[in-house]
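Numbering (my numbering), first residue to last: 16 to 513.
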């Protein structure tokens with residue numbers, strides 16, 4: 016029998032050995048995108064259970080920022096000029112600025128799970144509506160999310176649902192909804208796919224007329240957004256639906272698309288498939304079968320509600336075990352976004368994002384475009400997963416080329432235009448750093464890094480070699496000192512584990 020979920024976080028020996036600050040930092044690395052020192056201090060006061068509650072039930076708490084996307088859209092002579100990359104930068108900005116980190120971490124998980132790529136869906140508004148769909152249901156009920164994602168216009172465009180009509184079924188969506196969204200490979204037959212495709216015939220989408228005028232008439236777009244209307248919407252073309260008898264996974268009748276989704280959700284393979292993916296995203300790769308079974312049981316018992324499942328993960332012994340803590344390879348978002356939060360890039364960007372100058376529209380992300388591009392060079396370009404299966408995880412994130420790009424990220428995060436010109440002097444004048452060794456310790460605390468003593472010595476030596484504390488104290492030279500030091504830090508294998 017699967018063991019019951021622990022009701023509070025007290026059982027793991029590893030957990031007992033960690034301070035509250037270390038426990039909270041672990042939660043923020045896995046259920047968010049890391050945190051600044053100030054954020055860790057805030058959550059430390061809540062305690063571990065309070066932190067879990069706030070992270071998981073994020074909709075009860077403020078975002079911490081306001082973004083008027085329409086106001087940010089780049090324009091020339093009154094005409095909107097926008098591409099999917101712009102929307103990717105907008106999403107990156109949300110990840111850096113948010114005070115509800117699990118919301119964006121979950122949205123990214125679902126983006127990988129229900130993978131849709133702007134490489135084909137080359138409509139920025141359609142892609143952003145798709146991300147909004149994932150975000151809206153991210154910590155809700157998977158039943159609702161599965162239907163919403165399946166009927167999202169970007170998903171239908173991506174998998175050619177528009178061409179799936181009676182007499183000429185297109186099997187793309189039927190195959191992926193079984194293989195990638197619910198059951199996993201080997202838990203269905205080709206005949207199940209063929210029959211399901213017939214059930215999904217007639218599913219289509221249409222655009223709000225305002226979207227056709229949006230580029231030339233931004234006011235039309237603003238009106239639609241203000242009224243909360245969808246820019247694209249699902250349409251059930253009943254005349255193009257195959258009304259015949261179908262048989263899917265042993266269930267027969269004049270099945271329709273919603274019927275098939277219900278059949279998939281009732282299969283025992285579905286919660287197991289979902290449990291494995293959730294565990295590998297939040298805890299560690301290749302989980303033991305007993306863990307998968309236990310989490311699947313929780314998902315099934317909760318009728319696919321995500322909040323209880325997420326709390327179960329966070330309160331499990333394994334989440335606090337030696338096998339988990341600082342053992343998961345960071346994906347590019349886990350590598351880049353925490354550094355932006357820790358070095359207050361968001362603090363500099365927030366005023367420009369919330370109140371963009373008229374002449375800065377489209378470029379009003381305060382350097383966050385460079386963050387988005389750096390993640391892309393490291394193998395994760397938001398809105399552009401490589402294929403229908405999403406990104407490969409774990410060791411797939413690390414190669415010679417991606418490690419080179421990670422080290423080069425120091426050029427993005429530490430340059431003369433960024434925050435380092437003020438961060439370095441603050442280390443000396445406010446934090447009281449008086450030696451290169453102290454500067455190295457302070458930098459490790461800021462970046463939430465755990466590296467061996469010999470690597471810490473290498474950081475201090477690097478600081479000495481490029482001017483020491485004196486250079487750190489000067490706005491003109493602090494950026495160079497921190498740039499060189501961060502490159503040494505980023506070369507440490509331990510830094511790429513969270």
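Here a beta-carbon is modelled for each residue, glycine too, at the ideal position from N, C-alpha and C. Quick caveat, the model's predicted, so the values are computed rather than measured.
Query                                                                                                                  : Result
DSSP state of residue 277 mapped onto helix, strand, coil                                                              : helix
Nearest-angstrom Cα separation, counted from residue 403 out to residue 191                                            : 8 Å
Residue of 453, 76, 152 minimising C-alpha distance to residue 125                                                     : 152
The stretch 131–138 touching the stretch 110–123, judged by at least three CB pairs closer than 8 Å                    : no
Validate contact between the stretch 263–281 and the stretch 202–210 using beta carbons, cut 8 Å, 3 pairs              : yes
Between the CA atoms of residue 101 and residue 417 - distance to the nearest angstrom                                 : 23 Å
Completely contained alpha helix (DSSP H) runs for the stretch 402–438, where each covers 4 or more residues           : 415–428
Proximity to residue 211 [Cα-Cα], best of 67, 310, 220, 277                                                            : 277
Residue range of the unbroken alpha helix (DSSP H) whose run includes residue 250                                      : Residue 250 -> not in any alpha helix (DSSP H); beta strand (DSSP E) instead, spanning 247–251.
Host beta strand (DSSP E) of residue 266 (start-end)                                                                   : 266–268
Enclosing beta strand (DSSP E) for residue 335 [first to last residue]                                                 : Here residue 335 belongs to no beta strand (DSSP E), and DSSP marks it neither H nor E.
Euclidean distance between Cα positions of residue 183 and residue 163                                                 : 24 Å
Residue 110 beta carbon less than 8 Å from that of residue 343                                                         : no
Rounded separation between residue 479 and residue 485 - CA only                                                       : 10 Å
CA-to-CA distance, residue 413 to residue 92, given in whole angstroms                                                 : 44 Å
Spatial neighbours of residue 273 in its chain, beta-carbon cut-off 8 Å, leaving aside the 5 residues before and after : 162
Nearest-angstrom beta carbon gap, residue 69 and residue 78 [assumed within contact, 8 Å]                              : The Cβ separation is near 13 Å, so there is no contact.
Limits of the unbroken alpha helix (DSSP H) element including residue 355                                              : 347–357
Three-way DSSP call (helix, strand, coil) for residue 498 in this model                                                : helix
Integer Cβ distance of residue 226 from residue 140, believed to fall under 8 Å                                        : 6 Å
Range covered by the alpha helix (DSSP H) that runs through residue 312                                                : 304–316
Rounded C-alpha distance that separates residue 423 from residue 503                                                   : 11 Å
Anticipated Cβ contact below 8 Å, residue 569 with residue 63, distance rounded                                        : Missing from the structure shown is residue 569; the chain here goes from 16 to 513 and no further.
Assumed close pair residue 251, residue 296 - CB separation to whole angstroms, cut-off 8 Å                            : The pair is not a contact, with the Cβ atoms about 33 Å apart (cut-off 8 Å).
Cβ neighbours of residue 97 in the same chain (closer than 7 Å, five flanking residues each side left out)             : 88, 89, 139
Rounded separation between residue 473 and residue 466 - CA only                                                       : 11 Å
One or two residues paired with residue 94 in a DSSP bridge                                                            : 91
Beta-carbon separation (whole angstroms), residue 279 vs residue 216, contact threshold 8 Å                            : With 8 Å as the limit, residue 279 and residue 216 do not qualify as a contact, their Cβ atoms being about 17 Å apart.
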